[in-house]
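Undergrad: Before we start, here is the structure in question, set down as structure tokens.
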Amino acid sequence: MQQTPDLEDRPRVLIVDDEKFIRDILADFLGMEGYVVRTAQDGVAALQEIAQTRYDLIISDLKMPRMGGIELLEEVARADPSVLTVIMTGFGTVETAIDAMKRGAYDYVLKPFKVEEVIHIVQRGIEKQRLTAENMRLKEAVSLYRVSEAIAASLSLEEVLATVCESALQEIRADLVSTWLDDGEGGFFERQHVVRTSLEGAEAVGGIDSAAISAHLKQDQTLVEQGANGCRFFAQQPGLPLNSFIAVPLKFKRRLLGWIALASFTKGRRFDEGHRKLLSIIGARAAAAIENARLYEDLQATFQQTIEGLAKAIDKMDRYTSGHSDRVAVYSTFLAKKLGLAEDVVDVVRQSALMHDIGKIGCVLNLNKPGKLSQEEYEVFKKHPQYGRDIIEPIKFLHPLMPGVHSHHERWDGRGYPAGIKGTEIPLMARIIAVGDAYDAMTSNRAYRRALPHEIALGEIERCSGTQFDPEVASAFAEGIDELRETRRANGIIVPE
């Protein structure tokens, strides 16, 4: 035996006509077809009914007192474009029908009508709505999958939040998206604030009451408020009335990391249960990604502190090279940027430059002895790039730095060490560090000589371009070193004179 669908699951139809006989007969026949049917005597009464209950389809007479069918059609389309409207008229002409359809009517019925004809139109309209809803759910599922993949793919907190904001603007059609994160001291701060392009010229779009929202979200899962009568959580601006407001928590393992808040200022665009569910799912994905991004940032900070600590330890082995690794990192970073390398590659170059002399730890030498190293000592010293590679090899997270550590003493003409490779066989990272290393070595005091002036050191870089150094890297150094020197001097840093 087939079960009758629950009242809430059955399609809802509103009949609007100033003739009671027509309202009653359509209500009776459509009710027998399984629809939930209500009636209204004109457009004004229909709007009052619609404000209380959502309908799937409205059948409205064209000519009625107070508000006719066309005006009602336009009001319904503004409030909820998914509701279908069928226009009935006893003044039927082709022009009337075309006008109604142009204004958004799903179909029209000419009076006098056959009940079977109306039932057929309603059945066809409800089926269209069902297929549209299924397509929307599929589209939302695909969008949600795409958004989830994009959020999960990044370990950058900024990229995660940017993806969340862009998704909310596009998928939920919000006018304002604001993401708030905990400050670690019990409070919250706004991390990102994005408005739709059409509102970018507005001086202010309103203010979010973070204390009220955080207190609410700690207790409840979400909040949705319509702004017609004001909103407890959002201070509206004159001339830009709030239409709808929604906020969902960013929770990870029951800990409130922050929240996402959306606002709509567009008339007729209100957030509903579907939007709440969609944003809640996005929020859940975002919370996990935010936690991962923060953990990654902590690991990166620890990684950086480790490298800087090792670099300082290396420099302390030789009083004449104190600060050498830091300066080589500065020159190498400037060169990597000058050559147009990607930001993440620039960062690896900088880290490798900091670590480039780590192999000196393996050299049993007195690097502070007066005078030059003997030939035997120099042969031991030349092993430090290989020792550096051996030190890094077991430490997986340092592997990206290996090319710079191992090959920064190779020469463009192939007469360097430890491998004797040449030209572009030498990793670009190492070619960059080689120039920065040589310049700092020349412009720093050594046990066996005083620092060379900047102009002489720069002349050596240019003279050795194409033999010791990559010509492109040497040229980039010569072109930009004066600007770098001025910047460092302006920041109170002593530069070679």
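Numbering (my numbering), first residue to last: -8 to 488. The beta-carbon is built from N, C-alpha and C at its ideal position, and this holds for glycine as well. Remember, predicted model here, so these are calculated numbers, not experimental data.
1) Based on DSSP bridge pairs, tell me the residues matched to THR3.
2) Specify the secondary structure class of SER456 as computed by DSSP and reduced to three states.
3) Report buried or exposed for HIS390, applying the criterion of at least 16 other Cβ atoms within 10 angstroms of its Cβ.
4) Using 8 angstroms as the threshold, is the region 33 to 48 in touch with the region 15 to 23, meaning 3 or more CB pairs across them?
5) The alpha helix (DSSP H) that contains GLN39, what's its start and end?
6) Just the C-alpha distance for ALA410 and ILE484, rounded to the nearest angstrom, thanks.
7) So is GLU288 buried or exposed if we call it buried at 16+ other beta carbons inside 10 Å?
8) Start and end of the beta strand (DSSP E) containing ALA410?
9) So LEU269 packs on ILE386, CB below 8 angstroms; how close in whole Å?
10) Relative to the C-alpha of TRP504, which candidate in TYR26, GLU40, LEU241, LYS258 has its C-alpha closest?
11) Does DSSP put PRO487 in a helix, a strand or coil?
12) Hey, could you find the ends of the alpha helix (DSSP H) ILE204 is sitting in?
13) Determine the burial state of ASN482: buried for a count of at least 16 other Cβ atoms within 10 Å of its Cβ, exposed for fewer.
14) Quick test of the definition: if touching needs 3 or more C-beta pairs under 8 angstroms, does the region 402 to 422 touch the region 457 to 468?
15) Decide if PRO72 is buried, meaning its Cβ has at least 16 other Cβ atoms within 10 Å, or exposed.
16) Looking only at its own chain, which residues have a Cβ that is under 6 angstroms from the Cβ of ARG57, when we skip the five neighbours before and after it?
17) Whole alpha helix (DSSP H) runs in the region 77 to 119 with 4 or more residues, listed along the chain?
18) At which residues does the alpha helix (DSSP H) containing SER316 begin and terminate?
19) Is ARG380 close to chain B? Criterion is C-beta to C-beta, closer than 8 angstroms.
20) Counting beta carbon pairs with one atom in the region 430 to 437 and one in the region 395 to 402, are three or more of them shorter than 8 angstroms?
21) Any idea which residues DSSP pairs PRO240 with across the strands?
22) Only counting the same chain, and skipping five residues up and downstream in sequence, which positions put a Cβ closer than 8 angstroms to that of ARG380?
23) Which class does ASP173 belong to by DSSP, given the choice of helix, strand or coil?
24) May I ask you to report which of helix, strand or coil DSSP gives HIS397?
25) Can you tell me whether DSSP reads PHE224 as helix, strand or coil?
26) Distance check for ASP9 and MET92, CA to CA, integer angstroms please.
27) Does the Cβ of MET420 have 16 or more other Cβ atoms within 10 Å, making it buried, or fewer, making it exposed?
28) On the criterion of 16 or more Cβ atoms from any shown chain inside 10 Å, does HIS315 qualify as buried, or is it exposed?
29) Output the distance between the C-alpha atoms of GLY178 and SER205, rounded to the nearest integer angstrom.
30) Is it buried or exposed for ILE447, if we count other Cβ within 10 angstroms and need 16 for buried?
31) The alpha helix (DSSP H) that contains SER51, what's its start and end?
32) Which one of CYS354, GLU384, THR297 has the shortest CA to CA distance from GLU370?
33) Bridge partners of GLN296, per DSSP?
34) Could you please give me the residues that DSSP links to GLN183 through a beta bridge?
35) What does the alpha-carbon distance come out to for the pair LEU38 and LEU64?
36) Ends of the alpha helix (DSSP H) at ILE61?
TA: In short:
1) Here the question's residue 3 lines up with position 12 in the sequence shown. The displayed chain sequence assigns Arg, not Thr, to residue 3. Per DSSP, VAL27.
2) Your numbering for residue 456 matches position 465 in the sequence shown. It is a strand residue.
3) Sequence index remark: in the sequence shown, residue 390 carries index 399 (1-based). With fewer than 16 Cβ atoms within 10 Å of its Cβ, HIS390 is classed as exposed.
4) no
5) Here residue 39 corresponds to residue number 48 of the sequence shown, with the count starting at 1. Per DSSP, GLN39 belongs to the alpha helix (DSSP H) from 34 to 43.
6) What you label residue 410 is simply residue 419 of the sequence shown in a count that begins at 1. What you label residue 484 is simply residue 493 of the sequence shown in a count that begins at 1. Approximately 36 angstroms, taken between the alpha carbons.
7) Here residue 288 refers to the residue found at position 297 when the sequence shown is read from its first residue. Result: exposed.
8) Translated into the one-based positions of the sequence shown, residue 410 becomes position 419. Here ALA410 belongs to no beta strand (DSSP E), and DSSP marks it neither H nor E.
9) Residue numbering aside, residue 269 sits at position 278 when the sequence shown is read from its first letter. Residue numbering aside, residue 386 sits at position 395 when the sequence shown is read from its first letter. Contact doesn't hold; Cβ gap of about 44 angstroms is too wide.
10) There is no way to answer for residue 504, as the model of the chain reaches only from -8 to 488.
11) Taking the first residue of the sequence shown as position 1, residue 487 is located at position 496. Three-state DSSP puts PRO487 in coil, outside helix and strand.
12) Here residue 204 is taken as the residue at index 213 of the sequence shown, counted from 1. Note, ILE204: alpha helix (DSSP H), 201 to 210.
13) Position 491 of the sequence shown holds residue 482. ASN482 comes out exposed.
14) At 8 angstroms Cβ cutoff, the stretches touch.
15) For this step, residue 72 is matched to residue 81 along the sequence shown. By the neighbour-count criterion, in which 16 or more other beta carbons inside 10 Å mark a residue as buried, PRO72 falls on the exposed side.
16) If you number the sequence shown from 1, residue 57 lands on position 66. Excluding sequence neighbours, ARG57 sits near ASP33, VAL35.
17) Whole alpha helix (DSSP H) segments, 4+ residues: 85 to 93.
18) Translated into the one-based positions of the sequence shown, residue 316 becomes position 325. 315 to 329 is the span of the alpha helix (DSSP H), which, as asked, contains SER316.
19) Considering every chain present, this structure includes no chain B. It has just one protein chain.
20) no
21) The residue you call residue 240 lines up with position 249 of the sequence shown. Bridge partners of PRO240: TRP250.
22) Taking the sequence shown and counting its residues from 1, one reaches residue 380 at position 389. The answer, listed in chain order, is GLY350, MET393, VAL396, HIS397.
23) Position 182 of the sequence shown, counting from 1, holds the residue named residue 173. If DSSP states are grouped into helix, strand and coil, ASP173 belongs with the strands.
24) On the sequence shown, position 406 is the one that residue 397 refers to. Helix, per DSSP.
25) In the sequence shown, residue 224 corresponds to position 233, counting from 1. PHE224: coil per DSSP, three-state reduction.
26) What you label residue 92 is simply residue 101 of the sequence shown in a count that begins at 1. What you label residue 9 is simply residue 18 of the sequence shown in a count that begins at 1. Roughly 22 angstroms between the two C-alpha positions.
27) In the sequence shown, the residue the question calls residue 420 occupies position 429. Under this definition MET420 is a buried residue.
28) One-based indexing of the sequence shown puts residue 315 at position 324. Classification of HIS315: buried, given that the 10 Å Cβ count is 16 or more.
29) Position 187 of the sequence shown, counted from the start, is the residue given in the question as residue 178. Position 214 of the sequence shown, counted from the start, is the residue given in the question as residue 205. So the alpha carbons of these two residues sit roughly 9 angstroms apart.
30) Here residue 447 refers to the residue found at position 456 when the sequence shown is read from its first residue. It counts as exposed.
31) For the purposes of this step, residue 51 is identified with residue 60 of the sequence shown, where counting begins at 1. Per DSSP, SER51 belongs to no alpha helix (DSSP H); it is in the beta strand (DSSP E), 48 to 52.
32) Translated into positions along the sequence shown, residue 370 becomes position 379. Among CYS354, GLU384, THR297, the Cα nearest to that of GLU370 is on CYS354.
33) By one-based count along the sequence shown, residue 296 stands at place 305. Per DSSP, none; premise fails for GLN296.
34) By 1-based counting over the sequence shown, the position of residue 183 is 192. DSSP lists THR170 as partners of GLN183.
35) The count along the sequence shown starts at 1 and reaches residue 38 at position 47. The count along the sequence shown starts at 1 and reaches residue 64 at position 73. Distance between the alpha carbons of LEU38 and LEU64 is about 10 angstroms.
36) In the sequence shown, counting from the first residue as 1, residue 61 sits at position 70. Looking at the DSSP string, the run of the alpha helix (DSSP H) that includes ILE61 is 60 to 70.
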